[in-house]
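Quick notes on the structure that follows.
Residue numbers (the numbering used here): 854 to 1091.
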């Protein structure tokens, strides 16, 4: 891959990858798991932009097909094109110097095979990402609002730990976690204390979010979709 031609996106925007069936000689000889493991190390350290792509390809790690190998090679071509990318942290104004900005999002039924959604979140501090994750939800959700709640729960658990860590440094006053979401109905429902029969199957997640808001540990902020940074973690960048 040293002399390969770079590409501008990690995966093709029209991706519809079929599940693995049976192994072929080509797929068993190709070091799919080893290469993807190295890529996931990059994801963990400094490359949130390939988080969704690496997570998507991980589903085929045990039995990759020829199409999955081609997709992995494309991801390597993207890394070659973007090897100069980096996370840059900058001094912020005093009022927001240690403010943690969280973004949470979900694609509803984004997996065309299982119809499961993917949760994604990212936290920004000092102008760049400090924590991020893309994770396929473990159950099918019945609405976009429900998918958003699953994603928000995942994001808030991480954000609560990050905020606690910052407070222990003694540099940061006790302040609520700011979590941005582009689904207005989910924000309204989280602030509504009335019980909803339509949401009782995810009552624990909903109650967790409500308690975080009521206790002043989190503040849910509506953001327009074009400013939703978590979009990169549940869909293919175009």
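Note that CB positions come from ideal geometry on N, CA and C, so glycine has one too.
Runs of alpha helix (DSSP H) with 4 or more residues, each lying fully within the region 1026 to 1081, are found at 1037 to 1044 and 1056 to 1067, listed in chain order. The way I'd put it, the region 950 to 958 does touch the region 1027 to 1043; three or more beta-carbon pairs between them come closer than 8 Å. By the neighbour-count definition (other C-beta atoms within 10 Å, threshold 16), residue 946 is an exposed residue. Contiguous beta strand (DSSP E) elements confined to the region 963 to 992 occur at 971 to 978 and 981 to 989, taking only those with 3 or more residues. Fewer than three beta-carbon pairs drawn from the region 1020 to 1029 and the region 973 to 993 are found closer than 8 Å, and the two stretches are therefore not classed as touching. The beta carbons of residue 859 and residue 912 sit no closer together than 8 Å. Residue nearest to residue 997 within the set 1083, 986, 1017 and 963 is 963 (criterion: CA-CA distance). In the DSSP assignment, residue 1083 falls outside any beta strand (DSSP E), carrying neither H nor E.
Here residue 1005 is buried. Its C-beta has 16 or more other C-beta atoms within 10 Å. Remark: C-beta atoms of residue 1086 and residue 898 do not approach each other more closely than 8 Å. Note that the C-beta distance between residue 1007 and residue 976 is not below 8 Å.
In this chain, the beta strand (DSSP E) harbouring residue 955 covers 954 to 960.
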